[in-house]
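Notes follow once the structure below has been shown.
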Amino acid sequence: MSSTTPSAYRDQQAWRDLQQHLPARLRLTDETAPTEEYWNWRGHRVHLDRYRNPEAKAKVVLHHGVGTNGRQMSLILGAPLARRGFETVALDNLGYGLTQVRSGSTPSYDDWVDLVVDFLAYERERDDRPIVLYGLSAGGMVTYHAAAKAPRGTLAGIVGMTFLDQRDQRVRDETAHDKLTSRAGIPFFHQLARTPAARLKYPMTLASKMSALANDPAALKSMLRDRTSAGNWVSVRFLDRYATYAPAVEPEDFDACPVLLTQPAEDRWTPLHLSTPFLSRITKVPVDTVLLDNAGHYPLEEPGLAQMEDTIAAFVTEHASV
50 MSSTTPSAYR DQQAWRDLQQ HLPARLRLTD ETAPTEEYWN WRGHRVHLDR
100 YRNPEAKAKV VLHHGVGTNG RQMSLILGAP LARRGFETVA LDNLGYGLTQ
150 VRSGSTPSYD DWVDLVVDFL AYERERDDRP IVLYGLSAGG MVTYHAAAKA
200 PRGTLAGIVG MTFLDQRDQR VRDETAHDKL TSRAGIPFFH QLARTPAARL
250 KYPMTLASKM SALANDPAAL KSMLRDRTSA GNWVSVRFLD RYATYAPAVE
300 PEDFDACPVL LTQPAEDRWT PLHLSTPFLS RITKVPVDTV LLDNAGHYPL
350 EEPGLAQMED TIAAFVTEHA SV
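Here the numbering used here is used: position 253 in the sequence shown is 302, and no number is missing along the way.
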């Protein structure tokens, strides 16, 4: 986290600018914003947006993608689900949002997965309420990778806004910035990751098709200006492991919990056909897909936003009942 990055979202303007592009019902005020906390993990200070509710029968943990952050998850899902009576917590993984990365470290995608697995254990130590894990964009596969690695019984379900297996060349081709990046850049990063150059930072706007993050041009411009989300730079080590990470359990053997895909119908970055090949391999647990009408990759549009909220609330109620 740079010296110019605030330690709390209450002092950040970026998300306030973004929420002006959301329906009025989803805009937060200082009174309705989540409580902000920090969780210490392996020397890192992980920022949490939390809507605490001891009476809630289930928790929903929210994870961002490679162009978003935890506060952006709170805007579209954390706060709405909290109003429905669930406890929600949105985390900023290493290198994103307001999380403070340990000095001298160069986190990889493996660290992202390990952080989530350990955070779920931390939450379950606090109480034994069922947990559903949600991930937007790249966060969708984070939910799968965490569920595959976590001890059995950790999660009651996972929800992804896409499930992108970056080991699949078609997924790489369609989600990378361009074909040169997907065909030559990723192997090049793989070689660099074995050298001291692994620490070098690269803008996600050049690594990925970040121009398709949001369908509203003004909202997209706002997000791209935000170095804690779409304007972020990540290490060569992270890019290499993100592209090559193998799950602890392949989908054919996955039986940890039910899976839900909430797919934006107007997603110009990661359309449905990129998630289908991976999800079709999961046969030992229920897998459902719901299309969010009129919604872009980072959904700002109705009725998709309302459909997402309704669908996930129903999924949590069904699979996380106690």
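Heads up, the beta-carbon is just placed ideally off N, CA and C, and yes, glycines get one too.
Note that the stretch 293-305 does not touch the stretch 51-70; fewer than 3 beta-carbon pairs, one per stretch, sit closer than 8 Å.
Under the Cβ criterion (8 Å, minimum of three pairs), the stretch 117-128 does not count as touching the stretch 243-261. DSSP places residue 209 inside the beta strand (DSSP E), whose first and last residues are 206-210. Looking only at 178, 176 and 167, the smallest Cα-Cα distance to residue 192 is reached by 167. When only Cα atoms are considered, residue 286 and residue 87 end up about 25 Å apart. In this chain, the alpha helix (DSSP H) harbouring residue 64 covers 63-68. Residue pairing by DSSP places residue 93 opposite 90 in a beta bridge. Separation of the CB atoms of residue 331 and residue 300 is rounded to 5 Å, and the pair is thereby assigned contact status at 8 Å. Membership of residue 338 in the beta strand (DSSP E) is indicated by the continuous run 336-341. About 5 Å separates the Cβ atoms of residue 280 and residue 273, confirming a contact at the 8 Å cut-off. Proximity to residue 154 across 194, 90 and 321 peaks at 90, based on C-alpha coordinates. Residue nearest to residue 206 within the set 140, 55, 219 and 179 is 179 (criterion: CA-CA distance). Scanning its chain for C-beta atoms nearer than 7 Å, with the 5 sequence neighbours on each side dropped, one finds around residue 223 the residues 323, in chain order. DSSP places residue 139 within a strand segment (E or B) once states are collapsed to three.
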